[in-house]
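Single-structure report; data block below.
2 protein chains.
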Amino acid sequence: MLRRLEGQGETAGRGVSLPEVHRVTERENGDLGYMFYPRSVAVAGASNRAGFSPGRRFVAALVRSGFGGGVYPLNSTGGEVEGLKAYTSILDVPEPLDHVISSIPAAGTPQLMRDSIAKGVKVVHLFTAGFSETGTEEGRRLEAEILSIARKGGIRIVGPNGMGLLCPESGLSFFTTALALKGSVGLLSQSGGNAQELIHAATLEGLGFNKVVSYGNAADLNETDYLEFLASDSSTEIIAGYIEGVRDGGRFPRVLARAAQKKPVILLKGGRTAAGGRAASSHTGSLAGSRAVWQALCRQTGAIDVRNLEEIVDLIKTFTYLSLPRGRNVGVVGLGGGRSVLSSDDCEGAGLNVPQFPEETRRSLSEMIPEAGTSVRNPIDSAPVVVQNLELFARTLGLVARSEVIDFLMVFLYAEVPMYADNPALLQGHVDTVMKAAPTLGKPVVLVLGTGGAEWIAKEVHEARETCLRAGFPIFSSVESAARAISRYIGYHEDRDGRK
Amino acid sequence: MLRRLEGQGETAGRGVSLPEVHRVTERENGDLGYMFYPRSVAVAGASNRAGFSPGRRFVAALVRSGFGGGVYPLNSTGGEVEGLKAYTSILDVPEPLDHVISSIPAAGTPQLMRDSIAKGVKVVHLFTAGFSETGTEEGRRLEAEILSIARKGGIRIVGPNGMGLLCPESGLSFFTTALALKGSVGLLSQSGGNAQELIHAATLEGLGFNKVVSYGNAADLNETDYLEFLASDSSTEIIAGYIEGVRDGGRFPRVLARAAQKKPVILLKGGRTAAGGRAASSHTGSLAGSRAVWQALCRQTGAIDVRNLEEIVDLIKTFTYLSLPRGRNVGVVGLGGGRSVLSSDDCEGAGLNVPQFPEETRRSLSEMIPEAGTSVRNPIDSAPVVVQNLELFARTLGLVARSEVIDFLMVFLYAEVPMYADNPALLQGHVDTVMKAAPTLGKPVVLVLGTGGAEWIAKEVHEARETCLRAGFPIFSSVESAARAISRYIGYHEDRDGRK
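In order, the protein sequence lines correspond to chains H and X.
So that you can map any letter, position 78 of the first sequence is 79 in this note's numbering, and since no number is skipped, the others follow by simple counting.
So that you can map any letter, position 5 of the second sequence is 6 in this note's numbering, and since no number is skipped, the others follow by simple counting.
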């Protein structure tokens, strides 16, 4: 089960190195799924003293997420932590132990590793920092020591310096601000904070996870190992990742190409600039590599290279909720001539097309909306008479959808306009109309609900979003972000079909 | 006072045409300031029947914004509108009339123009659409007719097909969802909806306007006229604009260059793509011209070319609230290693530098924050011990500011992290600490407060933002948007200095 140690020193910490594929030694990690379904978990460093204790937070997270097996706090004094009996040694835990989470100081981790091996533990997750990322000789030595202990003892390390594993199905969890939903996304993140933020943002959108790993310094298992596993994991349908440095630059390109052929792989690269690379080095001891090489790698493999965390969530949402449009031609319906112009620019700027409706569609629209006159070419700049009348609004959607030149519809609403100031309830009316019409239109539909965050419409915006989320209906906060995500979504499939 | 009619037919509706500067005939508009300070206003088409009446909305807007002069609703039946006596003809208004706002159908506007001239009106603003933007012969003919009437009668037209004029100082106003604050921004917008959105967004940020014009089809006065006026207007310190098509392609480049030399000119071009250009044509009858020509024009003149409405507000905020940094070197302080990496990428990607702190600064930081160890290079990834202790947090800011390599500071906080979930009040503590420290640091400071919109921290986020707004402290919603705005701000001054 253990990978070979040869070559580790050569590839660790290197940037992506495309031409080295032939020098790669295959790993033999097998199925890492067992790591996410431990029978029992011990948490070392779970203090019951006042003040911040990461270990106690892990215990609380396991309780909150409904972990089904035994949870054993460990500390130097015993007592109770979060209502659970605490032990002073792993060896005292009164049942077989599969997983250990550690937040004890780095200097104590070699002994923790040895105790874990003696207890028959399978995985040690080191939340503990203070290893190679410090840039010190002592940090590097300690990281090498725990890795050596793990290899000899046949035990795996997650981290160090990461949040570890999360699996809503088993209840294994690190601490998060939002309780992760069960879903189909596999997430690998070198950063714990970014993993927490992604989980929070995805949860607000109703998007769930299957398996998450925040792997920090990647001393043992690294990005390539987790990616390979998630690619083969049948319950993972979408892979998302935040990667600062590729440890296994030889294997990574091939594993990435295979993964992207199987399922969408959405990746954010941290350390794209010189300063970002220096920060990545401080953060997880990564050598970040150049942006150009990374972009080339994504192009060559079919992985989706994104620019920020928000875009990861936009893409997960698109892949999860939107049926694949048959092409890039979007019919845009909204309110406001200026916003229509900017929406067209945003759509075409993102690589979509906004074709003019044929004469027949325009005539039908003009007959229905005599005032509209000039605004029926695409986008439809809906006249007040239409948007104030939900039946006319629904008929507009129908006419647009029937046009042969259109592959999918985008409806944009901006919350802070006089129309909604007059009648805030109309916002929900529009959203309901779109959602009710969508299944009858025969083409995918996305909704954009823009908001500047004004308090006077906040409740209605929140309710409208909730309505969409409950129904699994794709809703975005700007035309720009929607267009960008949908274009990538279509591009992923075009690209994959092209490789077949 | 009237511009010459020659050449109007040649330039109207053309795209930007850089080489034609020599063919320009100078206008003689003089000072347009009087347009924003009428003694009295009549609103034609202010119905008192049930249902939506734009005219009645204009009357209500004038009342709400505290317009000091007479307000006279006009309709076909008389009666009262918004508590004001309505008249059936302009000629019946019982005092001298300076300004008329019209929302009557297009076909009635020639007579309205003639009545206005007979009454001695100075400016007619036509909210009314149905002119050249329809693309019909009749629409073009009507627009030419009203222009001809205006020329002969010595009266100016704003519009048609625009929201008209707004001036918080005089109380002249169109309808908005947020009551515009009095300030130093002059805004010209071809779109009424985009003007409304910009006013709304700016008001949420505490930013005010001096003069706003939404000029639609620009039949009479166009973008070049308004720009020239705002450039010479001493109470306008910042010019912002949304332009779909340049009507006066000959004069525009030179007027823009002169304006940008005097004060910042922030411009968003609608119709940058083929589809956007078609939408602009439907919207305001504009021929949009190519993106490349527009970008070249902005580069050559020193105008600031932005991508969306949000960026306009970000730049107004930056120019209004941030002291000019002496250079592009930013010291970044935040929480989270992954976010630090991404922040560095965002800053350098926007054209800022994130230099490493010198050894001396790093030693001081390490002594103060023994845990931090590796995260003191820049960005400072503040250890929990620091961010939980406001005094240590303030000392960190002081140490960073004292570093010679830093020109300004950026502090980033993300609201939806476990730290604030534990202790939401800490967010305000951090914001207060930054604001209290800022005046003592001797260098500009910006704050980034990122939020995904979760309800559990919404109140604290709102209060933190309000604290900043009340103090005129620059706060942004993402490192990316802050970095981009500040880089443009510095670039504007570098560029202007270079031209001197």
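Virtual Cβ for every residue (Gly too), placed ideally from N, Cα, C.
Bear in mind that the values here come from a model prediction, so they are computed numbers and not experimental data.
Query, Result
"Using C-beta distances below 6 Å, list every residue in its chain close to Leu-470 (chain X), excluding the 5 sequence neighbours before and after it, in chain order.", "Gly-207"
"Just to make sure I have the definition right: I need the residues of chain X whose C-beta is within less than 9 Å of the C-beta of Ser-174 (chain H). Which are they?", "By Cβ distance, chain X contributes nothing, its closest Cβ being about 13 Å from Ser-174 (chain H), past 9 Å."
"Quick one: what's got a C-beta closer than 8 Å to Arg-329 (chain H)'s C-beta in the same chain, skipping five residues either side?", "Gly-352, Leu-353, Asn-354, Asp-408, Ser-488 and Ile-491"
"What is the DSSP secondary structure of Thr-26 (chain H), reduced to helix, strand or coil?", "With a pLDDT of 39 at Thr-26 (chain H), under the threshold of 50, the predicted position of this residue should be treated as unreliable, and no value is reported."
"Tell me which residue opens and which closes the beta strand (DSSP E) that Gly-184 (chain H) is part of.", "183–190"
"Just checking, does the segment 254–261 of chain H make contact with the segment 181–197 of chain H on the three C-beta pairs under 8 Å criterion?", "no"
"List, in order along the chain, the chain H residues whose C-beta lies closer than 9 Å to that of Ala-258 (chain X)?", "Simply none; closest approach about 25 Å."
"Check each residue of the segment 42–56 of chain X: if its Cβ is closer than 8 Å to any Cβ of chain H, include it; give the result in chain order.", "Phe-53"
"Note down, in chain order, every chain H residue with its Cβ under 8 Å from the Cβ of Thr-362 (chain X).", "What Thr-362 (chain X) touches in chain H: nothing, since even the nearest Cβ is about 14 Å away."
"Cα separation between Gly-94 (chain H) and Glu-81 (chain H)?", "Just to set this straight, residue 94 (chain H) is Val in the shown sequence, not Gly. Computed Cα separation, rounded: 14 Å."
"For Leu-1 (chain X) and chain H, any beta-carbon pair shorter than 8 Å?", "The displayed coordinates of chain X run from 2 to 501. Any statement about residue 1 (chain X) would go beyond what the structure contains."
"With 8 Å set as the bound, which would you pick, yes or no: does the beta-carbon of Asn-309 (chain H) sit closer than that to a beta-carbon of chain X?", "yes"
"Just curious, the alpha helix (DSSP H) that Ile-317 (chain X) is in, first and last residue?", "310–322"
"Which one or two residues does DSSP pair with Asp-306 (chain X) in a beta bridge?", "X:Leu-268"
"Spatial neighbours of Leu-1 (chain H) within its chain, please: C-beta separation below 6 Å, excluding the five flanking residues on both sides.", "Look at the range of chain H in this structure, 2 to 501, and you will see that residue 1 (chain H) is not part of it."
"Could you tell me which residues DSSP puts in a beta bridge with Gly-451 (chain H)?", "H:Tyr-415"
"Helix, strand or coil for Phe-210 (chain H), going by three-state DSSP, please let me know.", "strand"
"Leaving aside the five residues before and after Ala-486 (chain H) along the sequence, list all residues of the same chain whose C-beta is less than 8 Å from its C-beta, in chain order.", "Glu-312, Asp-315, Leu-316, Lys-318, Thr-319 and Phe-477"
"Starting from Gln-502 (chain X), find everything on chain H with Cβ-Cβ shorter than 8 Å and list it in chain order.", "Because chain X is modelled from 2 through 501, residue 502 (chain X) falls outside the range shown and cannot be assessed."
"For Asn-354 (chain X), which of helix, strand or coil comes out of DSSP?", "strand"
"What three-state label does DSSP hand Gly-492 (chain H) in the structure shown?", "helix"
"Please list the residues of the segment 104–133 of chain X that have a C-beta atom closer than 9 Å to any C-beta atom in chain H, keeping them in chain order.", "Ala-130 and Gly-131"
"Against chain X, with Cβ distances strictly below 8 Å, would Leu-188 (chain H) count as a contact?", "no"
"Which residue wins for smallest C-alpha separation from Leu-414 (chain X), given the options X:Phe-68, X:Gly-339, X:Glu-368 and X:Cys-299?", "X:Gly-339"
"For a test of the three-state rule: what should DSSP assign to Glu-81 (chain H), helix, strand or coil?", "strand"
"If the cut is a Cβ gap below 8 Å, which residues of chain H does Gly-271 (chain X) touch?", "Gly-339, Val-342, Leu-343 and Asp-346"
"According to DSSP, simplified to helix, strand and coil, what is Ala-45 (chain X)?", "strand"
"Can you pull the chain H residues whose beta carbon is under 9 Å from the beta carbon of Ala-261 (chain X), in chain order?", "What Ala-261 (chain X) touches in chain H: nothing, since even the nearest Cβ is about 23 Å away."
"Using 8 Å as the limit for Cβ to Cβ distance, is Pro-161 (chain X) near chain H?", "no"
"Answer with buried or exposed for Asn-211 (chain X), where buried requires no fewer than 16 other C-beta atoms within 10 angstroms of its C-beta.", "buried"
"Under 8 Å Cβ-Cβ, which residues of chain H neighbour Leu-205 (chain X)?", "Gly-453, Gly-454 and Ala-455"
"Would you say His-201 (chain X) faces chain C, with C-beta separation under 8 Å as the test?", "Looking for chain C here will not work: the only protein chains present are H and X."
"Along chain H, which residues have their Cβ under 7 Å away from the Cβ of Tyr-227 (chain X)?", "Per Cβ cutoff of 7 Å: no residues; Tyr-227 (chain X) is ~16 Å from chain H at best."
"With DSSP as the reference, label Tyr-88 (chain H) as helix, strand or coil.", "strand"
"What does the alpha-carbon distance come out to for the pair Gly-155 (chain H) and Arg-300 (chain H)?", "37 Å"
"Could you confirm whether any beta carbon from chain H is found closer than 8 Å to the beta carbon of Gly-184 (chain X)?", "no"
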